[in-house]
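Asks: Residue numbers for the sequence shown, in mature numbering (1 follows the signal peptide of the UniProt record, and there is no 0): -22 to -1, 1 to 411.
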Amino acid sequence: MKSTPLLCPLLAAVLFTPLSQAQTPAPSREGPLAGLGEQLAGYGIRPHVQFWSLSMNNLDTGPREHSFGNSGDLFVGADFDLDTLAGLEGAAVHFEETFFILDTATGQPTSRNWQGAAGSYFAGAPIHNDITSNQLSLLTYQQTWLDGQVDMSLGRTNARRYFYIYNCETVVTCNDPIIDSSTGILPPPYGSWGGYLKYQPTPGLYVHAGAFESNPVDYLKKRKGLDFSTDDASGTSLLLGIGSKHDGAYSAHYELNGYYNTSRQYDPLTGASEHGTGGAFFKFQQGFWRADGGQGTAPQALLAFGSLSLAADDKQPFSHFAEIGLTYLAPFDRPQDKLNLKASYLRLNDHQLRFQQQARIANGGDPSLGERNVYAIEANGHFALTRHLALEPSVQYLINPDNFYNPEARELSGNGFVVGLQVMYDVGAALGL
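Structure follows, in structure tokens:
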């Protein structure tokens, strides 16, 4: 499965249009299919084709140092404006199919692949574990009312399309361990049955709620998202949140969400189980400095961002996660580029830590307990090489890394560096679609 929340073209707007910058008109279409793109747009059809590929290497940390992993995705989809097509005001249909290509060291079980080589959550999470060739990622009906104040979506989708702020301005390592491991939300691009409702009483304030099927068996049985039954569903992920978003010179976005996962939860140490677990996650991004003093005439700006996520019970692998960082927009007078520096903290639950210890001992390894407190310091960036091609390099330094993805490794992972490179190419825009 995916272990990163990066995989949906809804993020492309975030990646290629930095916050807190002066707005510019959308460029005209270019490419061999520009005429077709204009014709489709006239009918209310907006196709998209995007290629993303992530490569990672653990230089000197993890059970198998100097390992390499790669995950590639080709997203093919379209948005259909039913107002233009059929006169249904405020209605739309969204579709996306994801093709998994150029994968290296991905799949299950994780211990044999990249995540097992990297060991820790921070190192292993960005690479995904696709075990089939393609996946239906999105097939939804969207309806808005009251000039967009009320927004509803129903169909095959993923909760992170609606409940996850990509506040770190890059895709390469924008992860949250509580959301990944405890909410029951399948990682993108895996879609399941879901419903979402959002209400904006004012332009800058919103409340939203959603219910999403949790069905990892759909992934394990390689159904490619085409089995619409709920027979193997383990439960439902329920989410409720409130947010505030303001655009302008000093943009701001704050969001607090609570979740309840009805699936049965299993204690990794004792084997005890019970239904349901809950928690919360808060994320923000706040602009606080601009080179032009807020006039909107220059793109250079500084943003602060952060996260705090909590899981409520000790059956979960992690109890809480915190992150704080800075983003510098338009470095070196390059309006589409970004630089990030962030620090992250992750606390393992005691039962998870002791489970890893017992797994090591059973495999003839180090009897030490290990550390509950895991830290990561990271520098990354987004660099637009052309109008359609961008790179995102990342360097992480891990302190007290866990062995979440490979608990049977005989040695505790040591501190060390993990590097990554995300490549993103907007194929559809390059073709003129």
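Cβ atoms here follow ideal geometry from the backbone N, Cα and C, with glycine treated the same way.
For G226 and P277, what's the separation of their Cα atoms in angstroms?
Replies: Looking up residue 226 in the sequence shown gives position 248. Looking up residue 277 in the sequence shown gives position 299. Cα-Cα distance, rounded: 12 Å.
Asks: So R24 is in the beta strand (DSSP E); what residue range does that whole segment cover?
Replies: Position 46 of the sequence shown, counting from 1, holds the residue named residue 24. Element bounds for R24: 23 to 36.
Asks: Nearest-angstrom Cα distance between residue 413 and G40?
Replies: Because the chain here runs from -22 to 411, residue 413 falls outside it and cannot be looked at.
Asks: Could you work out which residue in Y140, I220, P385, G188 is closest to L347 when comparing CA atoms only?
Replies: Indexing the sequence shown from 1 puts residue 347 at position 369. Taking only the C-alpha atoms, the option nearest L347 is P385.
Asks: What residues in its chain sit with their C-beta under 7 Å from that of A282, if we drop five residues either side in the sequence?
Replies: Within the sequence shown, numbered from 1, the residue matching residue 282 stands at position 304. The residues are Q264, F266, L304.
Asks: Y168 to D270, Cα distance in whole Å?
Replies: Within the sequence shown, numbered from 1, the residue matching residue 168 stands at position 190. Within the sequence shown, numbered from 1, the residue matching residue 270 stands at position 292. Distance between the alpha carbons of Y168 and D270 is about 42 Å.
Asks: Apply the 10 Å Cβ neighbour rule to residue 420 and answer buried if 16 or more other Cβ atoms are within range, or exposed otherwise.
Replies: Absent from the model: residue 420. The displayed extent of the chain is -22 to 411, so no value can be given.
Asks: Per the contact definition of three or more C-beta pairs closer than 8 Å, is the stretch 234 to 254 in contact with the stretch 208 to 225?
Replies: yes
Asks: How long is the line joining the alpha carbons of D129 and T135, rounded to whole angstroms?
Replies: Counted from its first residue, the sequence shown places residue 129 at position 151. Counted from its first residue, the sequence shown places residue 135 at position 157. Distance between the alpha carbons of D129 and T135: 15 Å.
Asks: Which term fits H186, buried or exposed, when burial requires 16 or more other beta carbons within 10 angstroms of its beta carbon?
Replies: Position 208 of the sequence shown, counting from 1, holds the residue named residue 186. Buried.
Asks: When the Cβ atoms of the stretch 102 to 120 are set against those of the stretch 44 to 53, are three or more pairs found closer than 8 Å?
Replies: yes
Asks: Please report the residue range of the alpha helix (DSSP H) in which Q334 lies.
Replies: Along the sequence shown, read from residue 1 onward, the residue named residue 334 stands at position 356. That run of the alpha helix (DSSP H) goes 328 to 340.
Asks: Taking G339 as the reference, give the member of L331, I377, V373, R388 with the closest Cα.
Replies: Here the question's residue 339 lines up with position 361 in the sequence shown. Looking at the sequence itself, residue 339 is Ile, so the reference to Gly does not match. The shortest Cα separation from I339 among L331, I377, V373, R388 belongs to R388.
Asks: Going by C-alpha distance, which of Y232, E147, R138 is nearest F190?
Replies: In the sequence shown, the residue the question calls residue 190 occupies position 212. If we check each option's Cα against that of F190, R138 comes out closest.
Asks: Cα separation between Q127 and I23?
Replies: Residue 127 sits at position 149 when you count from the first residue of the sequence shown. Residue 23 sits at position 45 when you count from the first residue of the sequence shown. If you take the alpha carbons of Q127 and I23, they lie about 23 Å apart.
Asks: Keeping to the same chain, check which residues put their C-beta closer than 6 Å to that of N235; ignore five residues upstream and five downstream.
Replies: Locating residue 235 in the sequence shown gives position 257, counting from the first residue. F141, L217, G219, F259, listed in sequence order.
Asks: Looking at the structure shown, is S159 part of a helix, part of a strand, or coil, going by DSSP?
Replies: Along the sequence shown, read from residue 1 onward, the residue named residue 159 stands at position 181. Here S159 sits in helix by DSSP.
Asks: Can you check DSSP and say which residues form a bridge with R134?
Replies: Taking the sequence shown and counting its residues from 1, the one referred to as residue 134 is at position 156. For R134, which the question treats as bridged, DSSP gives the partners L117, W171.
Asks: Where does the unbroken beta strand (DSSP E) through G371 begin, and where does it stop?
Replies: Numbered from 1 along the sequence shown, position 393 holds the residue referred to as residue 371. Contrary to the premise, residue 371 reads as Pro rather than Gly in this sequence. That run of the beta strand (DSSP E) goes 367 to 377.
Asks: Thinking H224 and N145 are a contact (beta carbons under 8 Å), I'd like their distance in whole angstroms, please.
Replies: Along the sequence shown, read from residue 1 onward, the residue named residue 224 stands at position 246. Along the sequence shown, read from residue 1 onward, the residue named residue 145 stands at position 167. Rounded, the Cβ-Cβ distance is 14 Å, inconsistent with contact.
Asks: Whole angstroms are fine: how far does the CA of R7 sit from the CA of D154?
Replies: If you number the sequence shown from 1, residue 154 lands on position 176. If you number the sequence shown from 1, residue 7 lands on position 29. Put simply, the backbone Cα of D154 is about 36 Å away from that of R7.
Asks: Quick check: the Cα distance between P181 and Q330, rounded to an integer number of angstroms?
Replies: Position 203 of the sequence shown holds residue 181. Position 352 of the sequence shown holds residue 330. Answer to the nearest angstrom: the Cα atoms are 43 Å apart.
Asks: Roughly how many angstroms lie between the CA atoms of K293 and A279, to the nearest whole one?
Replies: Residue mapping note: residue 293 aligns to position 315 of the sequence shown, counting from 1. Residue mapping note: residue 279 aligns to position 301 of the sequence shown, counting from 1. Going from the Cα of K293 to the Cα of A279 covers about 42 Å.
Asks: Where F395 and L11 are concerned, what is the direct C-alpha to C-alpha distance, given to the nearest angstrom?
Replies: Sequence index remark: in the sequence shown, residue 395 carries index 417 (1-based). Sequence index remark: in the sequence shown, residue 11 carries index 33 (1-based). When only Cα atoms are considered, F395 and L11 end up about 43 Å apart.
Asks: From G398 to D291, what distance separates their C-alpha atoms?
Replies: Your numbering for residue 398 matches position 420 in the sequence shown. Your numbering for residue 291 matches position 313 in the sequence shown. Taking the straight line joining both Cα atoms gives about 33 Å.
Asks: From the DSSP output, read off the bridge partner residues of residue 415.
Replies: Past the boundaries of the shown model lies residue 415; the chain is included only from -22 to 411, so the question cannot be answered.
Asks: Take Y177 as the anchor and find which of F382, S131, S170 has the nearest alpha-carbon.
Replies: For this step, residue 177 is matched to residue 199 along the sequence shown. Nearest C-alpha to Y177: S131.
Asks: Report buried or exposed for T161, applying the criterion of at least 16 other Cβ atoms within 10 angstroms of its Cβ.
Replies: Here residue 161 refers to the residue found at position 183 of the sequence shown. Buried.
Asks: Give the single residue among Y244, K261, L376, D380 whose Cα lies nearest to the Cα of L288.
Replies: Counting from 1 along the sequence shown, the entry for residue 288 is found at position 310. Residue K261 is the option with its Cα nearest to L288.
Asks: Which of the three DSSP states is assigned to D59 in this structure?
Replies: Taking the sequence shown and counting its residues from 1, one reaches residue 59 at position 81. In the structure shown, D59 sits in a strand (DSSP, three-state: E or B).
Asks: For L409, which three-state DSSP category applies?
Replies: Taking the sequence shown and counting its residues from 1, the one referred to as residue 409 is at position 431. Of the three classes helix, strand and coil, the one that applies to L409 here is helix, per DSSP.
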